[in-house]
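Sequence order for the protein chains is A and B.
Our numbering runs 1 ahead of the 1-based position in the first sequence.
Our numbering runs 1 ahead of the 1-based position in the second sequence.
Ideal Cβ positions, reconstructed from N, Cα and C, are used throughout, including at glycine.
Number of protein chains: 2
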Amino acid sequence: MLQRTLTSELGSHIGERVRVQGWLHALRKMGEVNFVIIRDRTGIAQAVASVSDLAPLSGLQNETVIEIEGLVVEAEAAPGGYELYHNQIRVLTPVTDPLPFSLNKNRIRANQPAFLDHAVVGHRHLQKRAILRLAGGVMAGFRSILGEQGFVEIQTPKLMASATESGANVFAVEYFGQTAYLAQSPQFYKQIMVGVFERVFEVGPVFRAEKHSTRRHINEYVSLDVEFGFIDDHFTVMAMVTTVIRGILEHLRTHYMAELALLEAELPTIGESIPHIHIVDAQQLLRDRYGANDAVGAPDLTPEHERTLGEWARGQHNSDYLFVTGYPMVKRPFYTHPDPERPDYSRSFDLLFRGTELITGGQRLHRYEDYLAAAAARRYDPAPFETYFECFKYGMPPHGGFAIGLERFLTQLLGLDNIRLATLFPRDMARLTP
Amino acid sequence: MLQRTLTSELGSHIGERVRVQGWLHALRKMGEVNFVIIRDRTGIAQAVASVSDLAPLSGLQNETVIEIEGLVVEAEAAPGGYELYHNQIRVLTPVTDPLPFSLNKNRIRANQPAFLDHAVVGHRHLQKRAILRLAGGVMAGFRSILGEQGFVEIQTPKLMASATESGANVFAVEYFGQTAYLAQSPQFYKQIMVGVFERVFEVGPVFRAEKHSTRRHINEYVSLDVEFGFIDDHFTVMAMVTTVIRGILEHLRTHYMAELALLEAELPTIGESIPHIHIVDAQQLLRDRYGANDAVGAPDLTPEHERTLGEWARGQHNSDYLFVTGYPMVKRPFYTHPDPERPDYSRSFDLLFRGTELITGGQRLHRYEDYLAAAAARRYDPAPFETYFECFKYGMPPHGGFAIGLERFLTQLLGLDNIRLATLFPRDMARLTP
């Protein structure tokens, strides 16, 4: 029997008989001459079929798994540039149920809940699968650039005896008669591992029991986490953020042009460096624009303020990206390092991408006594943190890090209108299947 | 200020003054001439210090974070081959508490529970960190070889509405007023995604609420999962297992020689292919050796039987690895594909490594009606599976796959005596911290 040929390989087999395998993507019946479009993991190809060639497909639906043996012929107008002639079609797995929605149109004609209900087949759609393949590309680009920078990959436990931060918004798990909690982030673990490897990263799920239902939030997502030691301050971390984002974009540009083209996505570029603005200066800029009011005086930025700053970065610095630095300590987790010169402000940052928050990071406390004091100042019971704090007793260098939400990164990069479209099977307050 | 130099880079700076940063690994006081050993992420280096040079370290413990500025001199007898002279030592983060155990001896002098209690610092030990770095290497090698084979990386949800298999041994999670379960494996999801990408892999945590307390089991571990379509049978899967194991070992051999040398680990080799034996023939072989008895007649193999088969593979085939194929259907999950010629036996396999099970895999059912029948035969309620089974309605090719437990792989490869030593922070019935 002939070895299988992928649809992307037809160009190397012109004039030969090949065997392709895949899904019946579409069947165009024109009378005497008909077209069978087959889809495999690399693309689609067209087979020219007589009425009798089609007999095996009688009564079957699209998505039937088939195999076609035929002769490869150049055909400029055909998808991919080749056609199969003198075909023998064989059914591997028949489909008899009508599909929940068509998978071979440019857009899926289903509302979002209906699409998500049937995502187990919906993801076969060419555009949908391109999005998910890019998710793999972002992870690969992330690991690749960090490997070059001497980072070590770790995998930390997702079941913990205590919450990472304040104890709010954690999922509880029955654990052999105790209560465990699902990790909201690998925060303490990645810090601990800075004491071992200096530079670590992790790609893994995090769990947030937040009761919100927005286009931007899901309750389980993939976090790309970075932490490293021997830094000067948060600017060392921001330089690493810039290197990592640049590395990911470069990886996509090199390996994922087909997917990006299919999605008509244009990758942003990053200049020499990403511009930055201190939160105090950002608020002055916002006051100049909106006048002084309560919202502008608040310690945090509203989404509208972020959009305004995004426009400012685009206009002033010709940049899709903007770091906002120095957020007030009250808005940051207790392990955040304060700015020694303005202790109410932090050595932390947000990275805005086109006016929306993409990444949060900063320098962390690194002295044991600072952790005790910071926990006490927020009235946290230090007992659940004791085993984690132990690493700070035994010598931790100045360190910091950041986290990128994979789905958020992809949503913003591709301009998707809902984060649920950037993940395989989203989890939210209303959805636990498929 | 001088840029930081890593201890591994000293050879490029002979005769220059450099600044190294790291942890006080050891201090050898000899009187007039003393040795300060500093450890960074790349290794250790020795600085020759007078009594007055040591003043900043007075009263401080090992693991104090320090910085040394000194002159690089070749010194054959010194660790790494270089020494620092005319040094200035500066303390970055002092350590005043005595360590729970010494980190600079060849072996850690603590029993295993004590080590695990203090793993947040214990992992800094050179041998311990080498093990964990190799875990990163196994993941990288796994991804690299699968990328070459056209596999796409996926990340699937860990919170599910139902158990993957029979519903036993799952952890329950309070999920917004419902009960969710932690995924025991990405089994259904990786099969579903074969319908999208044909070839997928995942690296992620899995959760098993099994009440056992052995050297070989932990309740949360990292699973390296593979699934792919358009296979002939389980032998196609076994060929891919062989390719993947070979790829991982090759990756370690290329990039992790230092860690392997430190651990005195010798990598196994794989010949042209891995030998295989059908379970029926394996049982005949065991009967020939032990005589007919109940244990040999049982559908599964005992650990002792596995060891015997491992010895047989070593003697007969000069192989550390052995596939045992065709396990009885009653011992395999309901989605396993039966052997059409002997329907009581399956198209599945275990891979034994030096006589211990390392990997399980096989061909899966791919027709919707077969799933319904298989679930019914085991008296499973099909309702919770419905959203997953949907993908089989819409055309799935013959497919199969396997899973490698990262920690088990590493434990066996390095000959560790407990799987808890092959992971950062193990989770078992008694341990949920650190």
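Over the uninterrupted beta strand (DSSP E) stretch that includes residue i, give me the two end residues.
i	result
T424(B)	Unbroken run through T424(B): none, as it is neither H nor E.
R365(B)	357-365
I90(B)	83-94
If you drop the 5 nearest sequence neighbours on each side, which residues of the same chain put their C-beta closer than 7 Å to that of residue i?
i	result
Y176(B)	L160
S145(A)	G248, H252
E408(A)	I219, Y222, V223, I420, A423, T424
R428(A)	I219, N220, E221
T6(B)	H14, V19, R20, V21
I232(A)	V238, Q364, P399, H400, G401
F403(A)	V227, V238, V242, I360, T361, G362
Is the CB-CB distance between residue i and residue j below 9 Å?
i	j	result
F350(B)	I249(B)	no
R42(A)	F198(B)	yes
E154(B)	A120(A)	no
L147(A)	V227(A)	yes
I275(A)	F208(A)	no
L415(B)	I109(B)	no
I405(A)	F143(A)	yes
A431(B)	S214(B)	yes
V238(A)	G396(B)	no
A46(B)	A79(B)	yes
F393(B)	H367(B)	yes
Q185(A)	A162(A)	no
Q62(A)	L3(A)	no
V297(B)	R288(B)	yes
G81(A)	S9(A)	yes
V245(B)	V204(A)	no
I280(A)	Y346(A)	yes
L58(A)	I39(A)	no
Q156(A)	A136(B)	yes
F426(B)	Y369(A)	no
K332(B)	D301(B)	yes
V96(B)	E64(B)	yes
L104(A)	V122(A)	yes
T326(B)	I278(B)	yes
F172(A)	A240(B)	no
Q179(B)	L433(A)	yes
N88(B)	A50(B)	yes
Q150(B)	R200(B)	yes
Can you tell me where the alpha helix (DSSP H) holding residue i begins and where it ends?
i	result
Q285(A)	280-291
L411(B)	407-415
L147(B)	127-149
E391(A)	387-394
L114(A)	Checking the sequence shown, residue 114(A) turns out to be Pro, not Leu. Segment 113-118, the alpha helix (DSSP H) holding P114(A).
A376(B)	369-378
A262(B)	258-263
Check the C-beta distance from residue i over to residue j and give it rounded, since I have them as a contact under 8 Å.
i	j	result
V34(A)	I90(A)	With 8 Å as the limit, V34(A) and I90(A) do not qualify as a contact, their Cβ atoms being about 15 Å apart.
P435(B)	T388(A)	4 Å
I360(A)	V242(A)	6 Å
G138(A)	H306(A)	With 8 Å as the limit, G138(A) and H306(A) do not qualify as a contact, their Cβ atoms being about 32 Å apart.
I'd like the list of long-range same chain contacts for residue i, defined as Cβ closer than 6 Å, with 5 residues on each side in sequence excluded.
i	result
G311(A)	L353, R355, G356
A111(A)	F102
R134(A)	E260
R348(B)	D234, H235, H338, D340, G363, Q364
T412(A)	I420, A423
V195(A)	E228, G230, H400
R29(B)	F36
A384(B)	none
Excluding the 5 residues flanking residue i on each side, which residues of the same chain have their C-beta closer than 8 Å to its C-beta?
i	result
I15(A)	V73, V74, E75, Y83
R130(B)	H124
A375(B)	F335, Y336, L366
L417(A)	I132, L411, A423
4-residue-minimum alpha helix (DSSP H) runs that sit fully inside the segment 40-80 of chain A, ordered along the chain | Runs of the alpha helix (DSSP H) spanning 4 or more residues and lying entirely within the segment 40-80 of chain A do not occur at all.
Runs of beta strand (DSSP E) lying entirely within the segment 317-356 of chain B, each at least 3 residues, in chain order | Runs of the beta strand (DSSP E) inside the segment 317-356 of chain B: 322-326, 343-347, 349-354.
Counting only runs of 4+ residues fully inside the segment 171-237 of chain B, write out the alpha helix (DSSP H) ranges in chain order.
-> Segments of the alpha helix (DSSP H) lying fully in the segment 171-237 of chain B: 188-198.
Inside the segment 6-46 of chain B only - beta strand (DSSP E) runs reaching at least 3 residues | Counting only unbroken stretches of 3 or more residues, the beta strand (DSSP E) elements lying wholly within the segment 6-46 of chain B are 18-30, 35-41, in sequence order.
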